[in-house]
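Visitor: Before we start, here is the structure in question, set down as structure tokens.
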Amino acid sequence: MSLPRSNYDPRRVCLNPFPNFTLGKHRRAIGIYLAGGLFALANWTFLDAAILSAHAHSPYDEPQIPPPVHVAFVDWVPGICSLLGMIIVNLIDKDRVRGEEGFGDSRAVWRARLFLFIGFALMAGGLAGSVALLVLKYILHEYPDQYTYYGYANVSQNVALMLSAIVLWISQSVGSEYEYNLSI
Amino acid sequence: MAWHAGIKTVILLSFVLAVGFLMIILSCALFANWLPLLVALIFVLAPLPNAVFSHCGADDFSTDYEGSGPADLGRFITSTIVVTGFALPLVLAHSEVIKPAACGMSIVGGSLVYGTILAYTAAFKQEDSEYD
Chain V
1 MSLPRSNYDP
11 RRVCLNPFPN
21 FTLGKHRRAI
31 GIYLAGGLFA
41 LANWTFLDAA
51 ILSAHAHSPY
61 DEPQIPPPVH
71 VAFVDWVPGI
81 CSLLGMIIVN
91 LIDKDRVRGE
101 EGFGDSRAVW
111 RARLFLFIGF
121 ALMAGGLAGS
131 VALLVLKYIL
141 HEYPDQYTYY
151 GYANVSQNVA
161 LMLSAIVLWI
171 SQSVGSEYEY
181 NLSI
Chain E
1001 MAWHAGIKTV
1011 ILLSFVLAVG
1021 FLMIILSCAL
1031 FANWLPLLVA
1041 LIFVLAPLPN
1051 AVFSHCGADD
1061 FSTDYEGSGP
1071 ADLGRFITST
1081 IVVTGFALPL
1091 VLAHSEVIKP
1101 AACGMSIVGG
1111 SLVYGTILAY
1121 TAAFKQEDSE
1131 YD
């Protein structure tokens, strides 16, 4: 009895919201705000290292020694990989990946899963690349802490980008689960 | 009664907004470095994506709690810009472009400006929902 009614008049739910539905709404909004904040935090962490490197000067007690290392284009690559992976993962329709809705085209599900795999592989590759960069470019050369900070900023950028993608994914799936429960 | 309360709220909020802008401009003028003025611009622009996208994708079949892609995009961009507003003075102070005092003043001023915008929006929303 309730199945055709809730499908027929969805505005009733809008007019008389139950408490758990408003909680779901706020949880979704909070999750998306959190994801956006993490995204900005990630990029500003790395930009901080880049700006710091551009303004780096030689130590005050030894003015002849230039800074031994700078943030180069190599340092930008893991972040760009993570960013591409995040865009790909979030552009995919999640019902299409689940494949239970009876879209009829099994190749579409296969292709969606392939692109999802590519997106997650890009994000994991960015994280692994940033760790490799930290070890190979900064730790093995035994630079002072002031310069090793560039590598740590890169790793934390990629970790925060991955966290942002995960939070965005979870908050959007929570919303669709509420919708799903309602329509049944 | 409610009218007077509204007027008091508006006057209080405008004072807070003026104090916020004053702190940002002081943080620029005292140290003769006008980069922190970007913070005011960023915080003024912060609610814009939310406002633009909030009416997108709302048709007869979508409900309030469901949320749509454009509204989510607006929320994402808004929180990105807000975090940018807090991070920009910190980054500038870290790389010694601006003084730490200017960084603190511009952050306080920017959060006052953004808090004013948020409080004003919330006050408007309450008045609107009474007529629903």
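These protein sequence lines map, in sequence, to chains V and E. The letter at position 69 of the first sequence is residue 69 when you use the numbering used here, and the numbering goes up by one with no holes. The numbering used here runs 1000 ahead of the 1-based position in the second sequence. Just so you know, even glycine gets a beta-carbon here, dropped at the ideal spot from N, CA and C. Predicted model, so just to flag it, every value in this text is computed and none were measured.
(1) Using 8 Å as the threshold, is the region 71–87 of chain V in touch with the region 1111–1125 of chain E, meaning 3 or more CB pairs across them?
(2) Any beta carbon of chain V sitting closer than 8 Å to that of His1094/E?
(3) When you compare only the Cα positions, how much space is there between Leu41/V and Leu161/V?
(4) I need the straight-line Cα distance from Val1039/E to Ile139/V, nearest angstrom please.
(5) Taking the beta carbon of Ala128/V as the centre, do at least 16 other beta carbons fall within 10 Å, making it buried, or is it exposed?
(6) Determine the chain V residues that contact Ile1077/E at a beta-carbon separation under 9 Å, and present them in chain order.
(7) Assuming contact is defined by CB atoms lying nearer than 8 Å, are Gly85/V and Phe46/V in contact in what I supplied?
(8) Does Val1097/E come within less than 8 Å of chain V when only Cβ atoms are used?
(9) For Thr1084/E, which residues in chain V fall below 9 Å Cβ to Cβ?
(10) In chain order, what residues of the same chain have a beta carbon less than 8 Å from the beta carbon of Ala1093/E, not counting five sequence neighbours either side?
(11) By the 10 Å Cβ neighbour count, where 16 or more other Cβ atoms means buried, how is Ser171/V classified, buried or exposed?
(12) Give the straight-line distance between the Cα atoms of Pro1049/E and Arg113/V, rounded to the nearest whole angstrom.
(13) Excluding the five sequence neighbours on either side, which residues of its own chain have a C-beta within less than 6 Å of the C-beta of Gly1020/E, listed in chain order?
(14) What residues in its chain sit with their C-beta under 8 Å from that of Lys1008/E, if we drop five residues either side in the sequence?
(15) Under three-state DSSP, which class holds Thr22/V?
(16) Is Asp75/V close to chain E? Criterion is C-beta to C-beta, closer than 8 Å.
(17) Output, in chain order, the set of chain V residues within a Cβ distance shorter than 8 Å of Thr1080/E.
(18) Could you tell me the distance, in whole angstroms, from the CA atom of Ile88/V to the CA atom of Ile118/V?
(19) Just mark Leu1088/E as buried or exposed, buried being the case when its beta carbon has 16 or more other beta carbons within 10 Å.
(20) Using a beta-carbon distance cut-off of less than 7 Å, what residues from the region 1038–1055 of chain E approach chain V?
(21) Taking the alpha-carbon positions, what's the Ser130/V to Gly151/V distance?
(22) Assuming the contact rule is C-beta atoms closer than 8 Å, Ser1095/E and Ile51/V should be a hit. Round their C-beta distance to whole Å, please.
(23) Identify the contact partners of Val1113/E in chain V, using a Cβ-Cβ distance below 8 Å as the criterion.
(24) Take Gly1074/E as the anchor and find which of Leu136/V, Asp145/V and Ala35/V has the nearest alpha-carbon.
(25) For Gln157/V, does the count of other Cβ atoms within 10 angstroms reach 16, so buried, or fall short, so exposed?
(26) Please confirm if Ala1087/E has its CB atom under 8 Å from at least one CB of chain V.
(27) Helix, strand or coil for Ile65/V per DSSP?
Guide: The answer reads as follows:
(1) Contact fails: fewer than three Cβ-Cβ distances are below 8 Å.
(2) Judged by the 8 Å Cβ criterion, His1094/E is in contact with chain V.
(3) Computed Cα separation, rounded: 9 Å.
(4) Val1039/E and Ile139/V have their C-alpha atoms spaced approximately 35 Å apart.
(5) By the neighbour-count rule (16 or more Cβ atoms within 10 Å), Ala128/V is not buried but exposed.
(6) Under the 9 Å cutoff, chain V gives Gly36.
(7) Not in contact: Gly85/V and Phe46/V (Cβ atoms no closer than 8 Å).
(8) At least one chain V Cβ lies under 8 Å of Val1097/E.
(9) Ala40, Asn43 and Trp44, listed in chain order.
(10) Hits under 8 Å: Lys1099, Pro1100, Ala1102 and Cys1103.
(11) Ser171/V counts as buried, since at least 16 other C-beta atoms from the protein chains shown sit within 10 angstroms of its C-beta.
(12) Whole-angstrom Cα-Cα distance: 31 Å.
(13) Excluding the 5 residues flanking it on each side, Gly1020/E has same chain C-beta neighbours closer than 6 Å at Gly1109, Leu1112 and Val1113, in chain order.
(14) Counting only Cβ-Cβ distances below 8 Å, and skipping sequence neighbours, we find nothing.
(15) The pLDDT assigned to Thr22/V is 47, lower than 50, so where the model puts this residue is not dependable, and the model offers no usable value.
(16) No, its Cβ sits nowhere closer than 8 Å to a Cβ of chain E.
(17) When 8 Å is used as the limit between beta carbons, Thr1080/E is near these residues of chain V: Gly36, Gly37, Phe39 and Ala40, in chain order.
(18) When only Cα atoms are considered, Ile88/V and Ile118/V end up about 8 Å apart.
(19) Result: buried.
(20) Cβ contacts with chain V: none found.
(21) Looking at the two C-alpha atoms, the distance is approximately 7 Å.
(22) That pair is a contact at about 5 Å.
(23) Result: empty, since nearest Cβ-Cβ is about 18 Å, beyond 8 Å.
(24) Nearest of Leu136/V, Asp145/V and Ala35/V to Gly1074/E, Cα basis: Ala35/V.
(25) So Gln157/V ends up on the buried side.
(26) Among the residues facing chain V, Ala1087/E is included, as its CB has a counterpart in that chain under 8 Å away.
(27) Looking at Ile65/V - three-state DSSP - the assignment turns out to be coil, as it is neither helix nor strand.
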